[in-house]
Structure formats: structure tokens, C-alpha cells
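Trainee: In the working numbering, the protein residues as written are 8 to 452. Even glycine gets a Cβ: it sits at the ideal position worked out from N, Cα and C.
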Amino acid sequence: MTMLEILARKKMGQELTREEIAYFVKGAAEHTIPDYQLAALLMAIRLNGMTDRETTELTLAMRDSGDIADLSAIPGIKVDKHSTGGVGDTTTLVLAPLVAACGAPVAKMSGRGLGHTGGTLDKLESIPGLTVSLSVPEFIDQVRRIGVAVVGQTGHLAPADKTLYALRDVTSTVDSLPLIVSSILSKKLAAGSDAIVLDVKTGSGAIMHTLEDSIRLAEAMVRVGTLAGKPVVAVITGMDQPLGTHVGNALEVKEAIDVLSGRTEGDLLTVSMTLGGHMLRLAGLVSDAAEGGRRMWDALNSGAGLQKLKEMIAAQGGNPAVCDDVSLLPQANVIRTVTCGRNGYVRSMDTMALGLAAQEMGAGRMELGDQLDYSVGFVLSVRVGDRTESDTPFCTLYARTEEEADRAEKAIREAVRFSDEPCPRAPVFYAIVTSEGTWRLEDKA
């Protein structure tokens, strides 16, 4: 076969065979197929789509294009969690230690932030001394000893995805459902876990802005994951405002510690408990997600989750004292608290714009090689639906300079919209998708 023949078939909307898919994925991983031909194929896929069988074959071929982690030396069912990306999304730092404290091993390989979304690795690296660069044997040994590790992906995990993703970014094919599904699941499958819980975001700060598109993505990932032989559950959650109130690397670590210490509640805690409940069910430790959620609350209230976070930080070379004294985390030069400046109600937020404001402050990257300032970001004091007065706290800025604080304040004010009339709260949960079907939820928050 030739790449030209594969291009011609997909251009006409024909279904590709396993061998044809394996051929171009191998070429992408080994850089033996020209970028212009891969780009043309990506556009043909974007325009004509792929069947579930094709998407599954693409996912498996991308998984097999590099290393596959063997976690069989870790006892128990290993369950991974993946978020499709958002702002103030610190769930991993909350639920990973809680799930581990409940007895389910958490062997998690995470990524870095790019654009308006934060990365778990960047947040962890804001803890003094902590490393996310463990060898596979060190990674496995840590999970065996303390039940949890969160590390960076190996350099040769699904290398075909790295090539194809870079091309998608510059060919307007990022929004192709088969390409999104195969990109996410190939890395999750290569990471070696036995089951996967997906947190699929919807709203202004998500990859999918509408609920219907988010449900289609969740259903496609569950179908393909099931065809690939892995139990998958997807929970669709809101991203029409930041999940947590803290945005920025060290600030988000502080919020996770506050949650695990029982000092704060809110949507971050609620989503973490729900995702963790599903993880415990897939791990075979409870009969249903509701029982899993109760186990998570027990681990929170007993302090076992916070203790497990301390153990993980210490095992990865960090200073666990940050869990008792958050002032040991990086501190910003400029701290400014501003008020709302008007009476009314918080109507809506442009979550992507809020993420970009933190990025501009130095909390995020334009390119993967950019250096971060772990100390900067902001704490947003209002939520959608809140009633405000002129002197109601609006946000606290943590910046490098007064000038950067000025720019951030302007961007954040423009991203938060007010109304003179009462506004509804933003939903937290929208739907649950399993291999058995899709259940739409009425948010009870």
C-alpha cells in the first residue's frame, strides 16, 4: 500500500482497514511520511469522520507506536482519571490521595499545561523540592509502597500522537472527534491502568463549548475505550466558571491542601468526590459510585487523604510541611485585593479568558518550553449567581509587578459579566456516560 492510496480512500469517505491505519500511524511515529500527506489525511478524517472501529484501530495503533507501561507488579485494579482540560481544575491533587487512602492504587501519568488550561505536573512542581521525573521502576515502587504517584509521561509514550497533534494544531483539525478520542485514549491506554474515569468538561472554558458536543465526545470515548477492552466511565461537568476559586500553580496547590484539610468546600470538592466514587467502583472496592463517594468523605474527614498527600510529596522529594504551612509555597511579589465595584448579580464568566489572564501573568505557557512563575495567579471571590455589593470582594491578584496586576485586573473584570437581575447558579454536573448508556443529570448544588 502507499500513503497516496490511503489518502484517496479516506478522501472519498471510505473506511480504512486496520493495516492502512497502522501504516500511517507508524509513518507518523517514525517520521517516514511527509507532513503534507499526514496533514491531508487529517483533513480528510475531519471532513469525512471515522467509524467506531476505525477510531478504535487508530487509538490502539497510536498506543502501540511507543512504550506501554506494565503496571502488573502493582497489586489491585489501577484506575486512572483524565480531564479534558479546564481552569482551576485541581481535582487530581484532591482525589488521588483520597482514592489511595481508600485502598485503590493510583498510578497516574499527567501532563503539563498549555494555553489557558493548567497542568497537574506544573502545580506539583510548585512544591519546593518535588520531582515528577521518576523512572518506571521508581514509579511502580512508590505506588506499591504508599499507594499513589503522579509523574510525567515517559518520553516515548504514544509518539505518533505527538506528531499528529502538532499537525492538527496548525491545520484546523483539532475539533475532529475521532482525532480527539484517539489522542486522549491512546496515552491513557499506554499509561497502563486497568480502567479509566473521564472528566469531560463543557462550557466556555472547555474544548467542547456545548453540552451536546460534550456528550458526543464522552459517548465516543466510552465506546472506543470499551472496544479497546477497558472499562470507561465519563462524567460531564461544567466549565462555565473555574472549577476551583484559585487559578495559578502554587495557589491551586494551596486550595487542594485547604480542601483536604477540611477548611474549604465548593465545586472542586464536589467534583473530586464524585470522580473518586466512580474510581473506587471501577477498582472493585465498592458496589456503586454512591458508596464510593461515602468512602471518600470518610477519608477526608479522618485526615487520611491529607496524610496520603504528605506521603506522596515526601516520596517525590518535596517538602511535606507545605501541607501544614502553605506559606512555604512560592509567594508573589505583589498581592492586591479588589472589590466588585457595583451592586448586582454575577451573570456569567468567560472561563477561557480567565485562564488566559493567568497565563499572561506567568502562570501558563504559550509554548511547552516556556518558564513558569509558580507564585502568580488569582483567587476569584465570586461565583456565577452570587449577589454582590460595591464593596464585595471580587478577586485577589498575585502578580510579579504592579503593571502586570493592572493588566490582569482589567482582563478578569472583562471576563466576568454582571446583571441587575438575579441569575441562576452554574450547573456542576450534566451527565454520566457508561457502556450501558447516557444519563442526563439535574444539578442539585
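Quick one: using the 10 Å Cβ neighbour count with 16 as the cut-off for buried, is H38 buried or exposed?
Mentor: Its Cβ having fewer than 16 others within 10 Å, H38 is exposed.
Trainee: Would you kindly check if the distance between the Cβ of A433 and the Cβ of A360 is under 9 Å?
Mentor: No, Cβ-Cβ distance for A360 and A433 is not below 9 Å.
Trainee: Note down the Cα distance separating T178 from A47, rounded to an integer number of angstroms.
Mentor: So the alpha carbons of these two residues sit roughly 9 Å apart.
Trainee: Which same chain residues, not among the five before or five after G73, have their C-beta less than 6 Å away from its C-beta?
Mentor: The answer, listed in chain order, is H163, L164, A165 and P166.
Trainee: Is Q160 closer than 9 Å to M116 when the C-beta atoms are compared?
Mentor: A contact, by the Cβ cut-off of 9 Å.
Trainee: Kindly list the residues whose CB is nearer than 7 Å to the CB of T441, restricted to its own chain and excluding five residues on each side of it in sequence; keep chain order.
Mentor: The residues are V229 and V240.
Trainee: Could you tell me the distance, in whole angstroms, from the CA atom of N326 to the CA atom of Q149?
Mentor: Cα to Cα, N326 sits roughly 17 Å from Q149.
Trainee: Three or more C-beta pairs under 8 Å: does that hold for the stretch 202-211 against the stretch 232-247?
Mentor: Yes: the two stretches touch, three or more of their Cβ pairs being nearer than 8 Å.
Trainee: Taking Cβ to Cβ, would you say E298 is nearer than 9 Å to L282?
Mentor: Not closer than 9 Å, so no.
Trainee: Would S388 pass as a contact of T403 if the rule is Cβ separation under 9 Å?
Mentor: For S388 and T403, yes; Cβs fall inside 9 Å.
Trainee: For Y352, which residues from the same chain have a beta carbon less than 8 Å from its beta carbon, with the 5 sequence-adjacent residues on both sides left out?
Mentor: Around Y352: G392, D393, R394, T395, F425, S426, D427, E428, P429 and C430.
Trainee: From which residue to which residue does the beta strand (DSSP E) around T408 run?
Mentor: T408 -> no beta strand (DSSP E), and no H or E assigned at all.
Trainee: Return no unless some Cβ of chain C is closer than 9 Å to the Cβ of L267.
Mentor: Absent from the structure is chain C; it holds one protein chain and no more.
Trainee: Alpha carbon to alpha carbon, what distance is there between L224 and T445?
Mentor: Looking at the two C-alpha atoms, the distance is approximately 12 Å.
Trainee: Using only CA atoms, which one of D377, A438, G348 and F436 lies nearest to A417?
Mentor: Residue identity differs from the one stated: residue 417 is Lys in this sequence, not Ala. When only C-alpha atoms are compared, the closest one is G348.
Trainee: Name, in chain order, the residues that DSSP records as bridge partners for I342.
Mentor: Paired residue(s): Y405.
Trainee: Distance, Cα to Cα, V188 vs L218?
Mentor: When rounded, the distance between both Cα atoms is 17 Å.
Trainee: Scan the stretch 182-209 and note each continuous beta strand (DSSP E) run of 3 residues or more that stays entirely inside, going in chain order.
Mentor: Listed in chain order, they are 202-209.
Trainee: Secondary structure at K18, three-state DSSP: helix, strand or coil?
Mentor: K18 falls in the helix class under three-state DSSP.
Trainee: Beta-carbon separation of G136 and G255 under 9 Å?
Mentor: In this structure, G255 does not lie closer than 9 Å to G136 by Cβ.
Trainee: Please report how far the alpha carbon of T99 lies from the alpha carbon of C109, in whole angstroms.
Mentor: Approximately 15 Å, taken between the alpha carbons.
Trainee: Taking 7 Å as the limit between beta carbons, can you name the residues of its chain near I81, skipping five residues before and five after?
Mentor: Here the set comprises P112, A114, I147, V150 and R151.
Trainee: Restricting to Cα atoms, I'd like to know which of L448, L192 and I264 is closest to D71.
Mentor: When each option's Cα is compared against that of D71, the closest is L192.
Trainee: Just verifying my parser: in three-state terms, what is the DSSP assignment at S334?
Mentor: Correct three-state label for S334: helix.
Trainee: In three-state DSSP terms, what is H285?
Mentor: Note: H285 maps to helix in three-state DSSP.
Trainee: Contact check, P238 vs T358 under 8 Å by CB: the rounded distance?
Mentor: About 30 Å separates the two Cβ atoms, so there is no contact after all.
Trainee: Alpha carbon to alpha carbon, what distance is there between D265 and A406?
Mentor: Going from the Cα of A406 to the Cα of D265 covers about 21 Å.
Trainee: Could you give the distance in angstroms between the alpha-carbon of I84 and the alpha-carbon of A107?
Mentor: If I take the Cα positions, the gap works out to 12 Å.
Trainee: So what's I52 in DSSP terms, helix, strand or just coil?
Mentor: Of the three classes helix, strand and coil, the one that applies to I52 here is helix, per DSSP.
Trainee: In the structure shown, what three-state DSSP assignment does R60 receive?
Mentor: Helix.
Trainee: For a quick check, are the C-beta atoms of E22 and M8 less than 9 Å apart?
Mentor: Not a contact, by the Cβ cut-off of 9 Å.
Trainee: Between P41, E12, L49 and F385, which lies nearest to V345 when the distance is taken from Cα to Cα?
Mentor: Closest option to V345, Cα to Cα, is F385.
Trainee: What's the gap between the Cα of L49 and the Cα of I214?
Mentor: One C-alpha to the other measures close to 18 Å.
Trainee: Using 8 Å for Cβ pairs, my map puts M303 next to L105. What's the rounded Cβ distance?
Mentor: Going by Cβ atoms, the distance from M303 to L105 rounds to 5 Å, so yes, they are a contact pair.
Trainee: Under the assumption that L171 contacts A35 (Cβ atoms under 8 Å), give the Cβ distance between them as a whole number of angstroms.
Mentor: With 8 Å as the limit, L171 and A35 qualify as a contact, their Cβ atoms being about 6 Å apart.
Trainee: Under a three-way DSSP split, which group does L164 fall into?
Mentor: Looking at L164 - three-state DSSP - the assignment turns out to be strand.
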